[in-house]
Structures are given as C-alpha cells and as structure tokens.
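In the order they appear, the protein sequences are chains H and V. Per full-length UniProt numbering, numbering through the first sequence is continuous, rising by one, with the last residue being 487. Per full-length UniProt numbering, numbering through the second sequence is continuous, rising by one, with the last residue being 222. The C-beta atom is built at its ideal place from N, Cα and C for all residues, glycine as well. This structure is a prediction, so every number in the text was calculated from the model and none was measured.
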Amino acid sequence: MNFFKRAWLSLLAKKGRSLLMLIVMSAIMLFVFAGLLIHSAADKATQQAKENVGVTITLSANRAAAFKKMQKSQSSGSSSKPTITTSPVKLSDAKKIAKLSNISSYNATSSTSVNADGFDTVSTSTASSQMGGRMGGSSSSSTGDITVDGVTSTASSSSFTDKTDKITSGRNLTTSDKNTNNTVIESELAKADSLKVGDTIKVKTTSSKKTYTLKIVGIYKAKSSASSSMPGVSDPSNTIYTSYTFANTVKGSKYKNTADSVTFNVSNPSKVSSVKAAGKKLINTSKYSLSTDDASYQTVKASMKSVESFANKIVWLVAIAGTIILALIIMLQIRERRHEIGVLLALGESRGKVIGQFFVEMGIVMVVSLVIAGIGGQFIGNKLGNQLVSQQTSSLSTSSSTSTTQAPGGGMKGNGQAPSGKMGGGQMGNQATSSRTASVKQTNLDVKLSAVQLVKLGAMGLVITLLSVMLAAGNILRLQPKKILLD
Amino acid sequence: MLTIKDLGYWYSHPDDALFTNVNLSFEAGQSYAVVGESGSGKTTFLSLVAGLDTPKAGRIELNGKDIRKMGLTNYRKHSVSIVFQAYNLFNYMSPVNNVLTAMAITNSKHQGDKAYAKQLLAKLGLTEDQMGQNVTHLSGGQQQRVAIARAMGCDADLVVADEPTGNLDEANTKEVVELFQQLAHEENKCVIIVTHETNVAAACDHSYRLAHKQFTMEQPTA
Ligand SMILES: Nc1ncnc2c1ncn2[C@@H]1O[C@H](COP(=O)(O)OP(=O)(O)OP(=O)(O)O)[C@@H](O)[C@H]1O
Ligand SMILES: [Mg+2]
C-alpha cells in the first residue's frame, strides 16, 4: 500500500471531491490547450503565408535615375523638350535573376494600347478616350481604346493573384502562349460584342495602323474598380491580356525580348532581401531597379504575430491563475484531511511521501482532464482562434488601407507592382488600386490537435500540478502530528 | 524497556510546566494506565512517549537509547503504534487496506500479507463482510477494533492509546480493554493507555496518576 495506491483509493472513494477537481482541472487544461492550439495554428498560418502569399521582386526601369537625368539636362539649359528616357527591361537580365535560388517563377509584363477594329469597346459615361501625353512622357504614340497587358502567364500576374481578376470561362494564358496572338478579354467587353471563347477580334495599332487578329482563349471578370469612373482612364473592361510577345510586337521591333517589368516570385519570403541583393549585382542599377513587394506577407505575419502573442497570453494567464486556484484547492484539502495526514505521519510516513500522494492524486486527475481537454480544446481553439483572426485582420486591413491612402503619391512610388509600366500611355492608375488586403482576409486558422500538442499540454499540466502541490506543500510541512491527539 | 528520565514539559513558561522531573519505566508484557484530571497533561505526556513531540527537559530512552537520537520519524515508524480516541482510520479504505497501509508504512515483517491482515481483523471480531467495506460504514466499536488491528499489524513493541474507549459504550469498552490486555500478555507488548475511566485503569496491570506535575503509582482498586 504505497502512496500511489493510497492516492488511487482516495480518488475512488471520494468521488464528489475527485469530480470537482476534475472539473476545475479540465477547465484549466481546456484553455491552456486552446491557447497552445491557437498559437501553433498561427505559427502554421505564418508558415503557409511564407509559401502561399506572394512575395515578389520586380525588375523595372530605374525611373528615379531617369528623372534625375532629365532634370539635369533641363538645368543645363538644353532647349529641347524635357523627356524621361527609360529603357525597357531586357529579358536576358530577367533570366539571369530567375536563376537565383529562392526564385520560383517570373512573369514579364509589357503593356501598350491598340484600337478596336470592328468591335465596340465598353465606355463609361464620363470616360473620354482622349488622354494622351498627360504624363509628359516620351511616348510618340497616342493612346488606343484597348489596353493590352502582355504577360508571361495570366495566373501569375498580380491582378489575378490578388483576385482582382478572375477567369470565368476558357483558360489562362500560359508560357505556351508565347509568340501567339491568343488573348483573354473581360466579360463586359465579351458581352457587349457577344464574343465567346474561340472567337477572334481584330485590333489596329495606334501608330502604324497595322491590324492584328487575336484569338480569344479565355474570358475574365474584373472586380469593378473605382478607377473605372475616373475621367481619362479607359474602362477596365477594355483591358485585354495577351502574351508579352504580342505587346512587344505592337510596340515595335526594338521592344523584342524586352518587358516593361518582370516580376519574380520569391519562394521563401524570409530570403527576399538577400535575393534582391544578389539580383542587384546582375543588373545595371543606373538603368534598372529591383523593388520588393512583401506587403501581403508582412500583413499576414503581423496579424499572426498578434494572434500568437494573444494565445501566449491566454496560456500564461490560465496557467498562472490555474496554478494558484489549484494550490488553494489543495490547501483546503490538506486542512480537511489533516487527520489523515497526521495519522500517516504518526505511523512514521515521511512528509515527502505524503506530498507525493497529493501529487499523484492531482496527477491522475490531470491525466483524465488531458483527455477531456483534448476533445474540447480543439473545438474551443477553433472558435476562439478564428474569432481572433477575424478581429486581427479587420483591424489590420483598415490600418493598412488608411496608410496606403495617406502615402505621398509620388509617381515613382507605385512602380513596385503596377504592371502598367509604359509612361506615356495614360494607363498608370489603372491597376494600382487593386486591393492588397484581399488575400490576407482569407487567412484561416487551421486549429488541429496533434500528438505534439498533447505532449506539450501534458508537460504544461505536469508543471501546473507540480507547482500547485509545491505551493500547498508548506501546509503539510508545517503540520504537527501531535495535533491529531489534541483535536 | 521504555525509560523516562527527568522528563519535563511546558507550553509557554517553565514555571507553568505540566510535569517536571518525571522518572518512570515501562516494561514489555505489561499494561499501564495513565489517569488524571482533565487538563493535567496526560495527552501531552503521551505525545512525548509516542514521539510526536520533543520534551522540554529530560529524555525518553527505548532500550537505553534516546529516542531523539533514533530520529522521531524512525522511532514512530518502527517502535511505537498509536491508537486514538477518534480512531483516525483512513476513511477512504476498507479495514483490510487500513491494516495493510500501516504495515506498508512501518515496513512490518507482514508487509503486503493480506491474509495476515484479515487474520488480525478476524481475531478482533470483524466479519469477512465488514473487512471489505469502507471503514466509515462500521460502528465506533468496530472502528476502534480496526485501529487496534492496525497497531498490531506493525511490529512495534510499544502501543500507546489516548482515551481509546472514550467513544465506546460499556460492553465495547470492556472488550477493547481486554484486547489491550491480550496485546500486553500474549504479544509481549508494552501498552500505555491514557484514560479517565477508573474501570479501564483498574483493568490494567499498573496505573499512574498525573497530579501536581508528578506521576504517582496507584493501587488498582478493582
Ligand atoms: N498547543 C498548546 N498550546 C498551549 N497550551 C496547550 C496546548 N495543548 C494543550 N495545552 C494545554 O496544556 C494542558 C494539558 O493539556 P492535555 O491535552 O495534555 O490535557 P489532558 O490531560 O489530556 O486533558 P483531557 O483529559 O481533557 O484530555 C491544558 O491546560 C491545555 O490547555
Ligand atoms: Mg487528553
């Protein structure tokens, strides 16, 4: 009849007391577990964000340098009209950067505009198709009514990855559409002209009036954007996607094997700065610039960090409060059981083993509560976790959207993601307003129970039990066996 | 066997000592009663003999060795068994497990021997049925019998009891006292019983009265 067996008999005989202990212990374990689960889910979400949330590096013309050059030529008294001369990105440079480690894929964009030939464009009431040269750019061409966004693949272009645009029928443009005249058009435009996948449209270049026939392979739907009603900017429905090779062809032969910008997808977001540094060594930085965009990743990371820290607080708070509560309960028990303890001591049992009995009793209760917490913790963790995430993301996205609107709208700033790189085309603001937070909101906590979590919880439970018994043990150490004779 | 030398004890001040310069000796195979007025210090004396407290003056020797030198826990474990007025059984166990627990803690030579525990309980008049159920279901007399069985299960040569019959009726008192007598005479234990009942004291082989800070031998009256 050692103290393990005594503990067991005591728990069995005093069912009411044991049940009470079990309820208290389970409540504590449940919240500790929920906290642990949320923490690990947030951790996993951050990990997943690393893999899924697009962190990109964009190679584009170094406009800042070009702008300086222009100012210099102006101040030096040159009589000629000031021009910003930017060079298109060479694809050979892009391929070199693409070979760097941690770059998974890249997407070249080349934009231009053409005029519809034999079909109607979508017009918004206030829209005027006259826009040309507002930016004072170098472009010699006037603006057409159809915006051509040449890409490597539509699926990896920013307006598709941030879900501004979505394919509704047909297919995406892929790398195999290189050197073809395949196109993906917007659903409004398709509707206006009763076009469907498989049909062809004709477009004319604005300068040389050359005609091209494009084959529709897909139709996408654009999220209606506020910029559509902006005067002077053509309706977003008039944007068609083609291979970048087609856009280059329209722009002229000197644009062959170039792009306005090339966006590289970084497979490991934490490596983004080292990748950028390595990339810079491969290019002429006075002509080109590399810019990173990891805003989505940073937003997810920040939101998950705060969920994590909240989960940590839950765990610590419940653990500490739980330890104190349990210690108090054990102290009450020791009072109630002082005769029993006195007899044990009178029989010559060591105080250590008496404390051991209390520890074993609590330990058994803890193990049972572990099972209860294992069942209930996942449920609570899921509810609490997703509540937290929705709170976090909503507060974060409001703060991030206010910060973007307040950002000084310097013309150079926006070049990170905006695929519309052509300066004089008047298509600048077209897609820059795409909502960045769209992908962040979809971050869901996947609160799942795992053996590792249960072991962690068990360890926490053990520490809580040990500490609470140790806190209460002073009462056993102080107990004088003589007292049992006196009352 | 047990020798009390110049023993003194007080709670607050030596001038208010309950007893001083006590010199007594207790022998194996004999039973002793300790009587005295309420508040005279009988229980206090017993707690010293049982190794539950340490004397303020003098010492207690077991077979010539100071029990404090043995270590009081060690002394309680191996040399003395205590029977209480309130029985103080482990209320979450059966009689058998109560006896087994005591045997385990004291490292008795019968440790773990369930048959022996039952044999002891049967000897004290408990039925097989009563042995298996929780001790709280037993009457006072039955519980005190279990407590005595628990004391017997340990190998201690010294058995001390504080008012062991205080909660029992006349018939049970008589039987319990008889059991203590058997412990002394048949098991060769030294039995010390604190009591205020004259008939219990009279049944013992010897009787000491605590009065005026001293123990004096009394002649058995019955
Ligand atoms: N812990 C203590 N602190 C101070 N005084 C105490 C303490 N315990 C007992 N006393 C006092 O010591 C005296 C002796 O107490 P004790 O319990 O030994 O008497 P007793 O002879 O057993 O009495 P009774 O026959 O009523 O059981 C009493 O006056 C009591 O009030
Ligand atoms: Mg007393």
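Chain H within 8 Å of residue i, Cβ atoms only
| i | result |
| --- | --- |
| leucine 24(V) | no |
| alanine 57(V) | no |
| aspartate 66(V) | no |
| asparagine 76(V) | Before going further, note that residue 76(V) is arginine rather than asparagine in the sequence given. Closer than 8 Å: yes. |
| aspartate 162(V) | yes |
| serine 38(V) | no |
| asparagine 97(V) | yes |
| threonine 20(V) | no |
| leucine 46(V) | yes |
| threonine 216(V) | no |
| methionine 93(V) | yes |
| residue 226(V) | No answer is possible for residue 226(V): the residues shown for chain V start at 1 and end at 222. |
| aspartate 16(V) | no |
| leucine 52(V) | yes |
| asparagine 88(V) | yes |
| isoleucine 148(V) | no |
| isoleucine 4(V) | no |
| asparagine 134(V) | yes |
Boundaries of the beta strand (DSSP E) in which residue i is found, first to last residue
| i | result |
| --- | --- |
| lysine 213(V) | Looking at the DSSP string, lysine 213(V) is not in any beta strand (DSSP E), and its letter there is neither H nor E. |
| lysine 204(H) | 200 to 205 |
| tyrosine 116(V) | Careful: tyrosine 116(V) lies outside any beta strand (DSSP E), inside the alpha helix (DSSP H) at 114 to 123. |
| serine 81(V) | 80 to 83 |
| alanine 149(V) | Taken as a continuous stretch (DSSP letters only), alanine 149(V) belongs to no beta strand (DSSP E), being part of the alpha helix (DSSP H) at 140 to 153. |
| aspartate 149(H) | 146 to 151 |
| glycine 218(H) | 211 to 222 |
| leucine 486(H) | No beta strand (DSSP E) contains leucine 486(H), which is instead part of the alpha helix (DSSP H) from 483 to 486. |
| threonine 58(H) | 56 to 61 |
| leucine 158(V) | 158 to 162 |
| valine 197(H) | Careful: valine 197(H) lies outside any beta strand (DSSP E) and carries neither H nor E. |
CB contact check: residue i to chain V, cutoff 8 Å
| i | result |
| --- | --- |
| serine 335(H) | Residue 335(H) is actually arginine in this sequence, not serine. Arginine 335(H) does not count as touching chain V. |
| lysine 313(H) | no |
| valine 440(H) | Reliability fails at valine 440(H), whose pLDDT of 44 lies under 50, so the model's placement of it is uncertain and no value is given. |
| isoleucine 484(H) | yes |
| lysine 14(H) | yes |
| arginine 6(H) | yes |
| leucine 22(H) | no |
| asparagine 475(H) | no |
| serine 18(H) | no |
Endpoints, the alpha helix (DSSP H) within which residue i is located
| i | result |
| --- | --- |
| arginine 171(H) | Arginine 171(H) -> no alpha helix (DSSP H), and no H or E assigned at all. |
| serine 10(H) | 3 to 13 |
| alanine 57(V) | Run containing alanine 57(V): none in the alpha helix (DSSP H); it sits in the beta strand (DSSP E), 57 to 62. |
| serine 187(H) | 187 to 192 |
| asparagine 199(V) | 198 to 203 |
| serine 47(V) | 42 to 49 |
| lysine 69(V) | 67 to 70 |
| threonine 161(H) | 158 to 161 |
Simplified DSSP state of residue i, which is helix, strand or coil
| i | result |
| --- | --- |
| glutamate 170(V) | helix |
| histidine 339(H) | helix |
| alanine 451(H) | helix |
| serine 18(H) | helix |
| aspartate 120(H) | coil |
| methionine 217(V) | strand |
| alanine 104(V) | helix |
| valine 35(V) | strand |
| lysine 99(H) | coil |
| lysine 109(V) | coil |
| phenylalanine 19(V) | strand |
| threonine 136(V) | helix |
| glycine 8(V) | strand |
| alanine 321(H) | helix |
| lysine 90(H) | strand |
| phenylalanine 310(H) | helix |
| leucine 24(V) | strand |
| serine 369(H) | helix |
Scan the segment 244 to 301 of chain H and note each continuous beta strand (DSSP E) run of 3 residues or more that stays entirely inside, going in chain order. 261 to 266, 288 to 293
When Cβ atoms are compared, which residues of the UniProt domain "ABC3 transporter permease C-terminal" (314 to 394) of chain H fall closer than 8 Å to chain V? His339, Glu340, Gly342, Val343, Leu344, Leu345, Ala346, Leu347, Gly348, Glu349, Ser350
Taking Cβ-Cβ distances below 7 Å as the criterion, which residues of the segment 101 to 115 of chain V are in contact with chain H? Thr101, Ala102, Ala104, Ile105, Thr106
What residues in the segment 266 to 279 of chain H bring their beta carbon closer than 8 Å to a beta carbon of chain V? none
Mind checking the segment 181 to 200 of chain V against chain H and listing, in chain order, the residues whose C-beta falls within less than 8 Å of any C-beta there? none
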